[in-house]
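Visitor: Residues in the sequence shown are numbered consecutively from 24, following my numbering.
For every residue, glycine included, the Cβ atom is placed at its ideal position computed from N, Cα and C.
On a predicted model such as this, the values are computed, not experimentally measured, just so you know.
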Amino acid sequence: MKIVIAPDSFKESLSAPDVAEAIARGWRRVFPQAEVLLRPLADGGEGTVDAVLAATAGERRECRVEGPLGEPTLAHWGWLDDATAVIEMASASGLHLVPRDRRDATRSSSRGTGELIRAALDAGARKIILGLGGSATNDAGAGLLGALGVRFLAADGEELAPGGAALAGLHSLDLGGLDPRLVDVAVEVAADVDNPLCGPRGASAVFGPQKGASAEQVAQLDAALAHFAKVVAATLGEDFSRVPGVGAAGGLGFAARAFLRARFRPGIELVAELAGLADALVGADLVLTGEGRLDAQSLHGKTPVGVARIARQAGVPVVALAGSLGDGYQRLHDAGIDAAFSLAPGPISLEQACAGAAAELEARAEQIARLWRLAQASREG
């Protein structure tokens, strides 16, 4: 028997590697001799580096960078043997780094993410995987570009202050200091949204409110980013603001596409490829996947559905575990998830659910294994 365990993290509870280990313990209670392969995954957001390193022989590295509001923070990134750097924006510029009462989408900067890219260049990276998601910023990647040598100048020649709102005063860009090493590096962006930079589906309107922006600030930011896009178009001779996905992570996708020539790919597809999921599925009898919540929205780029898509191509059935099952989760059956189970043992608080997630994953995996054994016995009988 061969089982592949390929979950995402359970946010605010367990990392993807911890989820995979808990499921494996439960399965082995019933099938101690089973071949169990762990392939923890992520969709490009928080946890991407850990998921990739858990499935490869990569190295975790740390770097002190500038956080979203300018304060120093210790961020991490991954280094793979083929000179690929894996960077997740959330580590340096994530929303979790800013207390709720200090969130300010007008001032927050993505500079720390640019500093991680610079560290990867210093290490000799030939390829950079940039995971977008969970950002605190809405500066269209201006901070990132600043860390890589771009100067943002007002009409009087002075450099602009950090943050998206300041881009309203942008007069010109000085690209003379842009790190020349970027020319020789391939950049792939792991993102699961197709939003443009501006407008009703743009970075500010869709993602600004969760970063603390009021309705007035959303309008202010949208106008500032639109102005930035016009200056970039005049400078580079091409308008990137409507390219699908450039609105990801507060518009950081825009900077990645326009200045780093980044290629956009679905996050789960990219991470699954790095983790070798397709190879792991060869000859497998079952895949166990999951994440904190499964509902109709999981159809849009979430890890379990991505796993199911790859497993379906290999002809392997899929069972998903989730902290909770929300509205429309039944639609996931048509996407290749053969069965889905909630962990909640009864009415409990979110805090209780998070605290007991590992034990519940283990228990639920054991019960699924018992059903599997029963089905095997029925077939053999």
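(1) Skipping 5 residues on each side, what residues in its chain have a beta carbon closer than 7 Å to that of His250?
(2) Counting only beta-carbon separations shorter than 7 Å, does Gly313 have a partner in chain B?
(3) Runs of 3 residues minimum, wholly inside the segment 308-367: which ones carry the beta strand (DSSP E) assignment?
(4) Run through the DSSP bridge pairs and tell me what Val88 is partnered with.
(5) Using only CA atoms, which one of Ala45, Arg149, Gly351, Gly154 lies nearest to Gly117?
(6) Run through DSSP, which three-state label would Thr71 get?
(7) Using DSSP's beta-bridge definition, name the partner residues of Thr136.
(8) Rounded to whole angstroms, what is the Cα-Cα separation between Gly200 and Leu259?
(9) Between the C-alpha atoms of Ala279 and Phe287, what's the straight-line distance to the nearest angstrom?
(10) Are there three or more Cβ pairs, one per stretch, closer than 8 Å when the segment 303-314 is compared with the segment 27-43?
(11) Using alpha carbons as the reference points, say which of Asp145, Gly164, Asp245 lies closest to Cys221.
(12) Any idea what DSSP makes of Glu292, helix, strand or coil?
(13) Would you kindly report the start and end of the unbroken alpha helix (DSSP H) that includes Arg48?
(14) With a threshold of 6 Å on Cβ separation, who are the neighbours of Ser195 within its own chain once the five nearest residues in sequence on each side are excluded?
(15) In whole angstroms, give me the CA-to-CA distance for Ala159 and Asn218.
(16) Ignore the nearest five residues each way along the sequence and tell me which others in Asp41's own chain have a CB closer than 7 Å to its CB.
(17) Tell me the DSSP secondary structure of Arg83 in three-state form.
(18) Can you say whether Pro122 is buried or exposed, counting buried as having 16 or more other CB atoms within 10 angstroms of its CB?
(19) Using the beta-carbon count (16 or more within 10 Å), is Val305 buried or exposed?
(20) Measure the alpha-carbon distance for Gly324 versus Pro185 and round it to whole angstroms.
(21) Determine the DSSP secondary structure at Asp217, reduced to helix, strand or coil.
(22) Assuming the contact rule is C-beta atoms closer than 8 Å, Ala20 and Ala148 should be a hit. Round their C-beta distance to whole Å, please.
(23) Run through DSSP, which three-state label would Asp207 get?
(24) Could you check what DSSP says for Lys253 in three-state terms: helix, strand or coil?
(25) What did DSSP end up calling Thr107 once you bin it into helix, strand or coil?
(26) Which value, in whole angstroms, describes the spacing of the CA atoms of Ala388 and Gly338?
(27) Which parts of the segment 121-171 are runs of the alpha helix (DSSP H), unbroken and 4 residues or longer, counting only runs that do not cross its ends?
(28) Name the two residues that bound the continuous beta strand (DSSP E) containing Val59.
(29) Determine contact between the segment 51-62 and the segment 389-398, defined as no fewer than three beta-carbon pairs at a distance below 8 Å.
(30) Could you compute how far the alpha carbon of Leu366 sits from the alpha carbon of Gln390?
(31) For Gly164, which residues of its own chain have a beta-carbon under 7 Å away from its beta-carbon, when the five flanking residues on both sides are left out?
(32) By Cβ distance, which residues of its chain are closer than 8 Å to Asp361, with the 5 residues on each side in sequence left out?
(33) Assign Phe277 to one of three DSSP states: helix, strand, or coil.
Guide: Inspection of the coordinates gives the following:
(1) What you label residue 250 is simply residue 227 of the sequence shown in a count that begins at 1. For His250, where only same-chain residues beyond five positions count, the Cβ hits under 7 Å are Leu190, Ala191, Leu193.
(2) Of the protein chains in the structure, only one exists, and it is not chain B.
(3) Qualifying beta strand (DSSP E) stretches, in chain order: 309-317, 341-348, 362-365.
(4) Sequence index remark: in the sequence shown, residue 88 carries index 65 (1-based). According to the DSSP secondary-structure assignment, Val88 is paired through a beta bridge with Thr96.
(5) Locating residue 117 in the sequence shown gives position 94, where the first residue counts as 1. The shortest C-alpha separation from Gly117 is found at Gly154.
(6) Numbered from 1 along the sequence shown, position 48 holds the residue referred to as residue 71. Under the three-state reduction of DSSP, Thr71 is assigned to helix.
(7) Within the sequence shown, residue 136 is the residue found at index 113, counting from 1. Under the DSSP definition of a beta bridge, Thr136 lacks any partner.
(8) Residue 200 sits at position 177 when you count from the first residue of the sequence shown. Residue 259 sits at position 236 when you count from the first residue of the sequence shown. Gly200 and Leu259: Cα-Cα distance of roughly 15 Å.
(9) For the purposes of this step, residue 279 is identified with residue 256 of the sequence shown, where counting begins at 1. For the purposes of this step, residue 287 is identified with residue 264 of the sequence shown, where counting begins at 1. C-alpha separation (whole angstroms): 9 Å.
(10) The answer is yes - the segment 27-43 touches the segment 303-314, with three or more Cβ pairs under 8 Å.
(11) Taking the sequence shown and counting its residues from 1, one reaches residue 221 at position 198. Out of Asp145, Gly164, Asp245, Asp245 has the C-alpha closest to the C-alpha of Cys221.
(12) Start at 1 with the first residue of the sequence shown, and residue 292 comes out as number 269. Of the three classes helix, strand and coil, the one that applies to Glu292 here is helix, per DSSP.
(13) Walking along the sequence shown from the start, residue 48 turns up at place 25. From DSSP, the alpha helix (DSSP H) with Arg48 extends over 39-53.
(14) Within the sequence shown, numbered from 1, the residue matching residue 195 stands at position 172. Taken in chain order, the residues that qualify are Leu176.
(15) Locating residue 159 in the sequence shown gives position 136, where the first residue counts as 1. Locating residue 218 in the sequence shown gives position 195, where the first residue counts as 1. About 17 Å.
(16) Indexing the sequence shown from 1 puts residue 41 at position 18. Here the set comprises Ala381.
(17) The residue given as residue 83 occupies position 60 in the sequence shown. Look at Arg83 here: in three-state DSSP terms it is strand.
(18) For the purposes of this step, residue 122 is taken as residue 99 along the sequence shown, with counting starting at 1. In summary, Pro122 is exposed, with fewer than 16 beta-carbon neighbours lying within 10 Å of its beta-carbon over all protein chains present.
(19) Here residue 305 refers to the residue found at position 282 when the sequence shown is read from its first residue. Its Cβ having fewer than 16 others within 10 Å, Val305 is exposed.
(20) Indexing the sequence shown from 1 puts residue 324 at position 301. Indexing the sequence shown from 1 puts residue 185 at position 162. Looking at the two C-alpha atoms, the distance is approximately 31 Å.
(21) One-based indexing of the sequence shown puts residue 217 at position 194. Reduced to three states, the DSSP call for Asp217 is coil.
(22) This structure leaves residue 20 out entirely; the chain is present only between 24 and 404.
(23) The residue you call residue 207 lines up with position 184 of the sequence shown. Taken through DSSP and simplified to helix, strand or coil, Asp207 comes out as helix.
(24) Translated into the one-based positions of the sequence shown, residue 253 becomes position 230. In the displayed model, Lys253 falls within a helix according to three-state DSSP.
(25) Taking the first residue of the sequence shown as 1, we reach residue 107 at position 84. Three-state result, Thr107: strand.
(26) As a first step, residue 388 is located in the sequence shown; it is residue number 365 there, counting from the start. As a first step, residue 338 is located in the sequence shown; it is residue number 315 there, counting from the start. In this structure, the alpha-carbon of Ala388 lies about 21 Å from that of Gly338.
(27) Entirely contained in the segment 121-171, the alpha helix (DSSP H) runs reaching 4 residues are, in chain order, 134-145, 165-170.
(28) Here residue 59 refers to the residue found at position 36 when the sequence shown is read from its first residue. Per DSSP, the continuous beta strand (DSSP E) segment holding Val59 begins and ends at 58-61.
(29) Two segments are said to touch when three or more pairs of C-beta atoms, one from each, lie closer than 8 Å; by this definition the segment 51-62 touches the segment 389-398.
(30) By 1-based counting over the sequence shown, the position of residue 366 is 343. By 1-based counting over the sequence shown, the position of residue 390 is 367. Those two C-alpha atoms are separated by around 11 Å.
(31) Reading the sequence shown from its first residue, position 141 is the one you call residue 164. In its chain, beyond the 5 residues on either side, Ser133, Gly274, Leu275, Phe277, Ala278, Ala279 have a beta carbon closer than 7 Å to the beta carbon of Gly164.
(32) Locating residue 361 in the sequence shown gives position 338, counting from the first residue. Answer for Asp361: Pro340, Val341, Val342, listed in chain order.
(33) Here residue 277 is taken as the residue at index 254 of the sequence shown, counted from 1. Here Phe277 sits in helix by DSSP.
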